[in-house]
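Take a look at the structure below.
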Amino acid sequence: MAESISAGSAGPDKPVVDIRDLKISFNRIPILSGINLQVRHGENLVVLGKSGSGKSVLIKCLVGLVEPDAGEIRVFDKDISNLSYEQLNEVRLKVGFLFQNAALYDSMTVGDNLAFPLRYHFKKLKPAQIRQLVGEALDSVGLQEAIDKMPSELSGGMSKRVGLARTLILKPDIMLYDEPTTGLDTATSKEISALILEMQRKKNISSIIITHDMHCAKTTADRLVVLKEGVIAAEGSYDQLRDGDDPWTKTFFE
Amino acid sequence: MSAPGGAGTETINEMYKNMQTAADTESLRELLKKKFAPTGDSIAFAARFFRELVKPPFPGREFLHQCYLIGYKSCPLISLTGFIMGLVLTIQSRPSLAQFGAESMLPGMVATSLVREIGPVITALICAGNIGSRMGAELGSMRVTEQIDAMEVSAINPYKFLVVSRVLATTLMIPLLSVYTNAVGMIGSWAAMNIHTNIGFTRYFSAAMGHLEFLDIVPALVKTFLFGFAIGIIGCFKGFYVRGGTESVGRAANAAVVTASLAVFVLDMLAVQITDLI
C-alpha cells in the first residue's frame, strides 16, 4: 500500500536526510561505495571532494534523479526509492535544488521562470498574487530589475541568483546546492556564499552544499564531509578538518 | 599439479570453455540489449503519451504555444512549397495529357494527386525537417543544460509539459497544414493552367473538386494524423533522451529528421496498402 507523505514530518529528533550504505555505479564503475550520512533540521552540510568523486551524484540521489544500486535514502523519514512518482513529487516540492549552471528555462523570461512552478502547482493563485510572489523572490536575491530579461542576458552570478530565487519560491525545507560558486569571480562567489547563509538563517532550512570553493565552505558550513573514491574520508567542522592529521584532506585547505 | 595432457588439463580446458561460453552469452545479451533497447524505449515513450494525455493537469498554455509555432510559423514555408508543387505538377503533366487531347482532365488529376499523396507527404516531410529537428534540438539542449532535470526536481512532469504538448500539437496541426498545402497547391496549379489557357478560378476549382471522392479525402486525412504523431513523438524522443554534450544535441536533431522522414514514408506505404484494400 502506498505511504502517505507529509513532507517536513521527520520530527525534531530525526534527521531530515538519512542516507544508509548508499552504493552507486555507472557502467560497473563504482561511484559511491557505501555512504552513510545524516543531515539535521537547520543544518548546513558541505560536501567536499575532487572532481568525479560522486558529490553531484549523491545529491541527485536525494531527489530521485539518479537511482541507487543499493542502500536506503530517507528524506523526511520517507524511503524515496519506495515512493510512487506522485509521492516522490510531494517530497521534491519540499526539496530545492540549485543546479551548477542554474538551469534556467531559456525560452522564458526571468519572471516566467519563477512564475512557472507557481502556476503549475498552485492553480488557484491569481496572476496578481503570482506577480507579487515573483517580485518578492527576486527582491530577496536583489534582482527585481531583471524580471523581464531572458536568461541569455544574465551574467553567471545573476543566473545563480535567479536560480536560487526560483528554487526558494516553492518554500523548500531542504536546499541542495550543486557547486553554487563554480565559474564565478571571487567577489560574486563571496556574494553567493553570503546569500546561501542568509537564506538558511532567514528561513531556517537545512542545506547540502557541494563545492570545491573553500571560502564558500568556510562561510556556509556547520559541518563538512570529504568524499574520496566513493566513501566518506573525513567528517567534522571546518576548523577540525583544517587542523586534522590527514594529509589528503588538508590539500583542500592549502 | 597435473601433468600436461592429463585429467587436470582436461578439467581446466573444460572450465575455460565454459567461461568462454558464459562470456559469449553475456556479450550476446549485451549486444541484443544494445541493439533492441532503443526500439523498446521508443515504444514505451510513445505509449506513455496516451497515459499522460488523459491525466490532469493538461499543459494548455504550452499546447497553444506549440500550435502557434508548428501551425502558424510553418505557413510561409508550406505555402511556397505547396504553390510550387501544384505549379510544377501541372506544367509537367500538361504535355502528356495534351497528346491525348485530355487537357480537361488536368484539374481533376492534379487535385487527386495533391489530396491523396503529394500534399500530405510533402507537408509531413517539410515538418519532419522543420519541426522534428527543432524538437530534437530544443529538448536535447534542455536535457544537457539540466533544464529537464530542473523541472523534475520542481515536481513538474517534464514529459507532460514538453512532450504531450508538442506531440498533440503536431498531431493536430499537420492535418490542418496538409489541407492548407492542398489548397495552395491548387492555386499553383490554376496559375500554371493560365500560362497556356485562360480558365476562370471558379471553373477550375469546380472541375478539380468534381473529381474528388470520399475515399480520396478521408484516408489521406487520416494518415496525416499518423504523420503528425510520428514526427512529434520521434522528435521528442530523440531530444528527451540525449546524453552527453552539445555534440549529442546536433546528433539528436539529425536523427530526428532522418527517422521522422523515414517513418513518414513507411506510414504512407502502409496507409496506401490499407486504402487499397478498402
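Respectively, the protein sequence lines represent chains A and B.
Following the working numbering, the numbering of the first sequence begins with 693 at its first residue and continues without gaps.
Following the working numbering, the numbering of the second sequence begins with -11 at its first residue and continues without gaps.
Note that the Cβ used here is the ideal one computed from N, Cα and C, for glycine as well.
Going along chain A, which residues have a C-beta under 9 Å from residue i?
i: Thr158 (chain B); result: Chain A residues near Thr158 (chain B): none, gap ~18 Å exceeds 9 Å.
Are the C-beta atoms of residue i and some chain A residue less than 8 Å apart?
i: Val237 (chain B); result: no
What would DSSP say about residue i, mapped onto helix, strand or coil?
i: Gln932 (chain A); result: helix
i: Val833 (chain A); result: coil
i: Lys895 (chain A); result: helix
i: Ala925 (chain A); result: strand
i: Asn719 (chain A); result: coil
i: Arg231 (chain B); result: coil
i: Phe71 (chain B); result: helix
i: Phe215 (chain B); result: helix
i: Asn242 (chain B); result: helix
i: Asp279 (chain B); result: This structure does not reach residue 279 (chain B), given that chain B is present from -11 up to 266, and the question cannot be answered.
i: Ser725 (chain A); result: strand
i: Phe789 (chain A); result: strand
i: Asp937 (chain A); result: coil
i: Lys815 (chain A); result: coil
i: Ile900 (chain A); result: strand
i: Lys770 (chain A); result: strand
i: Lys920 (chain A); result: strand
i: Gly849 (chain A); result: helix
i: Glu890 (chain A); result: helix
i: Ile861 (chain A); result: coil
i: Leu762 (chain A); result: Going by the sequence as given, residue 762 (chain A) is Ala instead of Leu. It is a strand residue.
i: Asn736 (chain A); result: strand
i: Met867 (chain A); result: strand
i: Asp256 (chain B); result: helix
Who are the Cβ neighbours of residue i in its own chain at under 6 Å, not counting the five residues just before and after it?
i: Ala913 (chain A); result: Asn736, Val738 and Tyr930
i: Phe37 (chain B); result: Val155
i: Ser941 (chain A); result: Looking at the sequence shown, residue 941 (chain A) is not Ser but Thr. So the list reads Val918, Ala926 and Leu933, once near-sequence residues are dropped.
i: Met139 (chain B); result: Pro146
i: Ala694 (chain A); result: In this prediction, Ala694 (chain A) has a pLDDT of 35, which is less than 50 and means its spatial position is unreliable; what the coordinates show is noted afterwards. Within the same chain, Ala694 (chain A) has close Cβ partners Ser776.
i: Ala838 (chain A); result: Val802
i: Pro843 (chain A); result: Leu796 and Asp798
Got a sec? Which residues, its chain only, sit under 7 Å from residue i by beta carbon, not counting five neighbours each side?
i: Asp710 (chain A); result: Gln730 and Arg766
i: Phe215 (chain B); result: Pro108, Ala112, Ile162, Val252 and Leu255
i: Ile58 (chain B); result: Ile119, Ala157, Thr158 and Met161
i: Phe268 (chain B); result: Shown here, chain B extends from -11 to 266; a query on residue 268 (chain B) therefore has no answer.
Starting from the beta carbon of residue i, find every residue of chain B whose beta carbon is closer than 8 Å, and list them in chain order.
i: Ala795 (chain A); result: Thr133, Glu134, Gln135, Asp137 and Ala138
i: Arg784 (chain A); result: Glu140, Val141, Ser142 and Ala143
Which same chain residues end up closer than 8 Å to residue i when comparing Cβ atoms and leaving out the 5 residues on each side of it in sequence?
i: Asp771 (chain A); result: Glu764 and Ile765
i: Gly936 (chain A); result: Ala926, Gly928 and Lys942
i: Leu785 (chain A); result: Ala699, His813, Leu862 and Pro864
i: Ala196 (chain B); result: Pro95, Gly96, Val98, Ala99, Met174 and Ser177
i: His184 (chain B); result: Arg82
I'd like to know if residue i contacts chain B, where contact means its C-beta is closer than 8 Å to some C-beta of that chain.
i: Leu862 (chain A); result: yes
i: Phe791 (chain A); result: yes
i: Leu817 (chain A); result: no
i: Tyr812 (chain A); result: yes
i: Pro872 (chain A); result: no
i: Pro760 (chain A); result: no
i: Ala699 (chain A); result: Only weak support is given to the placement of Ala699 (chain A): the predicted model assigns it a pLDDT of 42, under 50, and the question is left unresolved by the model.
i: Val749 (chain A); result: no
Could you work out which residues of chain B lie near residue i, taking near to mean beta carbons separated by less than 7 Å?
i: Val767 (chain A); result: Those within 7 Å of Val767 (chain A) in chain B number zero; the least Cβ separation is about 12 Å.
i: Ile781 (chain A); result: According to the sequence displayed, residue 781 (chain A) carries Asn and not Ile. Under the 7 Å cutoff, chain B gives Ala143.
i: Val755 (chain A); result: Val141
i: Pro809 (chain A); result: Ser142 and Ile144
Under the criterion of a Cβ to heavy atom distance below 7 Å, does residue i qualify as lining the ligand COA?
i: Val918 (chain A); result: Because no ligand of any kind appears in the structure shown, any question about the ligand COA cannot be addressed here.
What residues from the stretch 141 to 170 of chain B come within 7 Å of chain A, judged by C-beta to C-beta, listed N to C?
Val141, Ser142, Ala143 and Ile144
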